[in-house]
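Participant: Mind having a look at this structure? Questions to follow.
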């Protein structure tokens with residue numbers, strides 16, 4: 018049986034080693050711009066930086082398409098609380 022720390026070490030590298038090429042960056046940019054426009058936020062707003070960090074994590078978790086990422090973003094409680 019695998020110990021909890023072994024499971025963590027097994028999963029964590031894949032999460033942290035995700036690379037972002039032009040296609041992945043374009044998906045992130047489109048979703049971030051759509052989100053920013055929806056809430057009428059300037060690019061310089063600190064909430065946009067927080068949203069970008071959340072999106073990167075959601076992407077690393079497997080939400081690789083625009084619809085998947087937008088759905089995951091809509092269900093992210095902390096981000097919803099931030100903008101409410």
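In my numbering, the protein residues as written are 18 to 101. Note that the Cβ used here is the ideal one computed from N, Cα and C, for glycine as well.
1) With a floor of 4 residues, list each alpha helix (DSSP H) that falls wholly inside the stretch 34-71, ordered by position along the chain.
2) For the putative contact between residue 44 and residue 83, defined by C-beta atoms under 8 Å, what is the C-beta separation to the nearest angstrom?
3) In whole angstroms, give me the CA-to-CA distance for residue 39 and residue 90.
4) Rounded to whole angstroms, what's the CA-CA distance from residue 165 to residue 57? Just pull it up for me.
Facilitator: On the basis of the data shown:
1) 39-55
2) 6 Å
3) 21 Å
4) Nothing about residue 165 can be reported from this structure: the residues present for the chain run from 18 to 101 only.
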